[in-house]
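Note sheet for the following structure.
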Amino acid sequence: MSVVALLALDGMPAHQLSTPGMVLAAAHDSARVGYELRVCAPARTFTTGAPAALTVTAPWGLAGLADAAAVIVPGHADALGDPPAEVVAALRAAAERGSRLLAVGTGTFTLAATGLLDGRRATTTWQHAAELAARHPRVAVDPEGAPVADGPFLTGAGVHGGLDLVLALIERDHGPRVVAATLRHLLRPLLAEASSAQEEIDRGIAATAGLEPTVRWLEANLHRPLALTDIAAHARLSVRSLNRRFRDHTGHSPLQYLLHARLERARHLLEETDEPVERVAERAGFSSPESLRRHFRRATGAVPRAYRTAHRKARRTDDPRPHQR
1 MSVVALLALD GMPAHQLSTP GMVLAAAHDS ARVGYELRVC APARTFTTGA PAALTVTAPW
61 GLAGLADAAA VIVPGHADAL GDPPAEVVAA LRAAAERGSR LLAVGTGTFT LAATGLLDGR
121 RATTTWQHAA ELAARHPRVA VDPEGAPVAD GPFLTGAGVH GGLDLVLALI ERDHGPRVVA
181 ATLRHLLRPL LAEASSAQEE IDRGIAATAG LEPTVRWLEA NLHRPLALTD IAAHARLSVR
241 SLNRRFRDHT GHSPLQYLLH ARLERARHLL EETDEPVERV AERAGFSSPE SLRRHFRRAT
301 GAVPRAYRTA HRKARRTDDP RPHQR
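Heads up: the sequence shown at position 50 corresponds to 50 in UniProt numbering, and the numbers run straight through without jumps.
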């Protein structure tokens, strides 16, 4: 069984603590590949960052890195400062033993402080990329935030808790078929729930002929900024009447229907086009890429880029024939 050590540092985001275990467990459940996840910290306890501030007892000290095949370095509250000497020493020793090192978000600053990234490519969160380049001029910083692999080092923006980096680790160990199975295991229950909600809305709309023209108008104008008053004006109803009729027949408000429709448009664009997330957000009517990421993650459990990767890897695995685009 391969050991993956998570370096737990004060102020690390709670989702960066939970995501690696969730993904590795999905790999085991879907493909029967074995990983042991160790949470290792310099002190006996550590505290996750706000707003989910939790004090956690670490089962392992830094000695737990000794036989780890991979070490995950998270972002944390003091990531832009100098890491403790014992953390630097532990990471250097892990690299010398042949461990792969994964840095999530601002965890790249911690890894860069060891000197291990000198002469290599790396990335971090887009808002910290310039500072990383200024502080560590020997590191070739990619400002895009997409995962960067250079030798035994993997770095990423960390917008979804290091999901993409853990998947990259699994792919290196077990290949793309295991990654596809893992992603399907993670995403399908959540996607099914979102799809069921959309079908419920559609059934209600179909039963309300008077609203159908407005629904079709909404679907044709998803890219526009639409307010509830705009929808009511098109339906020639008051806002109160519009809300009541939607809720009576669908169980959802007009704005909930609009959000579902935008998420479906975004999902289709992610599956069928190569357009960047920024353009997908614009075409689906979200006010910003971050708004799309937030709503898409809430609905599916994955950010858009991870969903696109999951869909394409699963499609290639399920159908080996080349797809026409």
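A virtual CB, placed ideally from N, CA and C, is assigned to each residue, including glycine.
These figures come from a predicted structure and were not determined experimentally.
- Taking all protein chains shown into account, do 16 or more other C-beta atoms lie within 10 angstroms of the C-beta of T57, making it buried, or fewer, making it exposed? exposed
- Message: Is the separation between the beta-carbon of Q16 and that of G115 shorter than 9 Å?
- Response: no
- Task: Identify whether L9 lies in helix, strand or coil by the three-state DSSP scheme.
- Result: Here L9 sits in coil by DSSP.
- Query: Looking at C-alpha atoms only, which residue of S18, A89, Y35 and E290 is the closest neighbour of V3?
  - Reply: When only C-alpha atoms are compared, the closest one is Y35.
- Message: Do A77 and R38 count as a contact pair if the criterion is CB distance below 9 Å?
- Response: In terms of Cβ geometry, R38 and A77 do not form a close pair [threshold 9 Å].
- Query: Cα-Cα, which of L7, L9, M12 and R32 is closest to I170?
  - Reply: Checked all of L7, L9, M12 and R32; the closest Cα to I170 is R32.
- Could you pull out every residue in the same chain whose Cβ sits closer than 8 Å to the Cβ of V87, ignoring the five residues on either side in sequence? L7, L9, P42, L62 and T110
- Query: Which value, in whole angstroms, describes the spacing of the CA atoms of V73 and D29?
  - Reply: Cα to Cα, V73 sits roughly 25 Å from D29.
- With a threshold of 16 other CB atoms inside 10 Å of the CB of L269, please say whether the residue is buried or exposed. buried
- Note down, in chain order, each residue of its chain lying with its Cβ closer than 7 Å to the Cβ of P143, except the 5 sequence neighbours on either side. W126 and A129
- Leaving aside the five residues before and after A5 along the sequence, list all residues of the same chain whose C-beta is less than 6 Å from its C-beta, in chain order. R38, C40, G64, L65, A68 and V71
- In this structure, does DSSP put R138 in helix, strand or coil? coil
- Message: Quick check on DSSP: helix, strand or coil for F296?
- Response: helix
- Item | Where the beta strand (DSSP E) through D150 begins and ends | V148 to D150
- Task: Go through the UniProt domain "HTH araC/xylS-type" (212–310) residue by residue and report every complete run of the alpha helix (DSSP H) that reaches 4 residues or more, in order.
- Result: For the UniProt domain "HTH araC/xylS-type" (212–310), whole alpha helix (DSSP H) runs of length 4 or above, ordered along the chain, are 212–220, 228–235, 239–250, 254–272, 277–284 and 289–300.
- Query: For S2, does the three-state DSSP call read helix, strand or coil?
  - Reply: strand
- Query: In terms of residue numbering, what span does the alpha helix (DSSP H) encompassing T108 cover?
  - Reply: G107 to A112 is the span of the alpha helix (DSSP H), which, as asked, contains T108.
- Task: Could you tell me which of L292, R297 and R308 sits nearest to D274, measuring between CA atoms?
- Result: R308
- Item | Close Cβ partners of R203 (< 6 Å) along its chain, the five nearest in sequence each way excluded | Low local confidence applies: a pLDDT of 49 at R203 is under 50, so the model's placement there is unreliable, with the coordinate-based value given in what follows. If we look at R203 and ignore the five residues flanking it on each side, it has no Cβ neighbours.
- Message: Quick test of the definition: if touching needs 3 or more C-beta pairs under 8 Å, does the region 150–157 touch the region 98–105?
- Response: yes
- Task: For residue 336, I'd like the list of residues in its chain whose CB is within less than 6 Å of its CB, leaving aside the five on either flank, ordered along the chain.
- Result: Since the first and last residues shown for the chain are 1 and 325, residue 336 lies out of range.
- Task: Report back the beta-carbon spacing between L54 and T45 to the nearest angstrom; my notes put them in contact at under 8 Å.
- Result: With 8 Å as the limit, L54 and T45 do not qualify as a contact, their Cβ atoms being about 10 Å apart.
- Message: Tell me which residue opens and which closes the beta strand (DSSP E) that A103 is part of.
- Response: R100 to V104
- Task: Helix, strand or coil for L37, going by three-state DSSP, please let me know.
- Result: strand
- So the beta strand (DSSP E) G162 belongs to, where does it begin and stop? Here G162 belongs to no beta strand (DSSP E), and DSSP marks it neither H nor E.
- Query: From A296 to A134, what does the alpha carbon distance come to, in whole angstroms?
  - Reply: One detail in the question is off: residue 296 reads as Phe in this sequence, not Ala. So the two alpha carbons sit approximately 33 Å from each other.
- Item | G156 - DSSP class collapsed to helix/strand/coil | strand
- Leaving out five residues on either side along the sequence, give the residues of the same chain with a beta carbon under 7 Å from the beta carbon of R261. Note that residue 261 corresponds to Ala in the displayed sequence, not to Arg. Once the five neighbours on either side are set aside, the close Cβ partners of A261 are L218, E219 and L222.
- Item | beta strand (DSSP E) segment containing A25, residue limits | Here A25 belongs to no beta strand (DSSP E); instead the alpha helix (DSSP H) covers A14 to A31.
- Task: Could you have a look at A207 and say whether DSSP puts it in helix, strand or coil?
- Result: With a pLDDT of 45 at A207, under the threshold of 50, the modelled position of that residue is not reliable, and the figure given next carries that caveat. Coil at A207, not helix or strand.
- Message: So for A90, helix, strand or coil by DSSP?
- Response: helix
- Are the Cβ atoms of A146 and R305 separated by less than 9 Å? yes
- Which residues mark the beginning and the end of the beta strand (DSSP E) in which T55 is found? T55 to T57
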